[in-house]
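Enquirer: Residue numbering for the sequence shown is 236 to 362, as defined by our numbering. A virtual CB, placed ideally from N, CA and C, is assigned to each residue, including glycine. Structure in C-alpha cells, see below.
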Amino acid sequence: MPLYDLWGHSDLEIEIPKEEFPDDEWLKDKDDLFDYPEHGFFTSCYQGKKIHYRKNIPKGDVKAIVVWHHGICGQSGFGMKCAHGFTDMALRIRKMNERGIAVYSHDSLGHGFSEGCRFYIPEVNWK
Numbered sequence: 236m237p238l239y240d241l242w243g244h245s246d247l248e249i250e251i252p253k254e255e256f257p258d259d260e261w262l263k264d265k266d267d268l269f270d271y272p273e274h275g276f277f278t279s280c281y282q283g284k285k286i287h288y289r290k291n292i293p294k295g296d297v298k299a300i301v302v303w304h305h306g307i308c309g310q311s312g313f314g315m316k317c318a319h320g321f322t323d324m325a326l327r328i329r330k331m332n333e334r335g336i337a338v339y340s341h342d343s344l345g346h347g348f349s350e351g352c353r354f355y356i357p358e359v360n361w362k
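This is how it looks when you write it as C-alpha cells:
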C-alpha cells in the first residue's frame, strides 16, 4: 500500500493506487472549491486509523458548529462549481459560513482521504 504526505501529515496509508491518486493541482482546485478549508487528521478508535477532516470557520463570530457526516459511498469533498454557483458540500459550506456557522466535515473510515479499507462497512447482522 502506498504512503502519502498530505497537508503536513506524513505516512498516511490511504488505499488509493498512486496512478489514481489526485495530483497537487487537483488538490489545490478542491481547496478553492471548498473555500480553502483547514485540513487535519484525528486517530480513529477503530484500528488507530487516521481520519481526514475539513474545517471551515466563518469570518467573524461563530454562532454555531455543524459536524457534517456524509452518506454511504460518499466523502467530505463532494461538490462542483457551475454557471449558477456551487453544488453539494461546496454550496453548504459557503451558505453556513455566511451565517456564522463553522463546519467540520470528515471522511469516514476508508472514504475520501481517510485511512482504512475503501468504503468500509462493518460486518453486522442486519436482521
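Return helix, strand or coil for Ile328, following the three-state DSSP convention.
Expert: Helix, per DSSP.
Enquirer: Starting from Leu247, trace the beta strand (DSSP E) both ways and give me its first and last residue.
Expert: Looking at the DSSP string, the run of the beta strand (DSSP E) that includes Leu247 is His244 to Leu247.
Enquirer: Over the uninterrupted alpha helix (DSSP H) stretch that includes Lys290, give me the two end residues.
Expert: Per DSSP, Lys290 belongs to no alpha helix (DSSP H); it is in the beta strand (DSSP E), Lys285 to Asn291.
Enquirer: In three-state terms, what does DSSP make of Lys265?
Expert: If DSSP states are grouped into helix, strand and coil, Lys265 belongs with the helices.
Enquirer: How big is the Cα-Cα spacing for His305 and Val338?
Expert: One C-alpha to the other measures close to 13 angstroms.
Enquirer: Could you round the C-beta distance between Ser311 and Met324 to whole angstroms and report it? I think they count as a contact, below 8 angstroms.
Expert: Yes, they are in contact, since the Cβ atoms of Ser311 and Met324 sit about 7 angstroms apart, within 8 angstroms.
Enquirer: Is it right to say Leu364 is buried, meaning 16 or more other beta carbons lie within 10 angstroms of its own, or is it exposed?
Expert: In this structure the chain extends from 236 to 362, so residue 364 is not present and cannot be described.
Enquirer: On the premise that Phe348 lies in contact with Ile249, defined as a C-beta separation below 8 angstroms, what is that separation, rounded to the nearest angstrom?
Expert: Confirmed, about 6 angstroms.
Enquirer: Comparing the CB of Ser279 with every heavy atom of the ligand ATP, is any distance shorter than 7 angstroms?
Expert: With respect to the ligand ATP, the structure offers nothing, as it holds no ligand at all.
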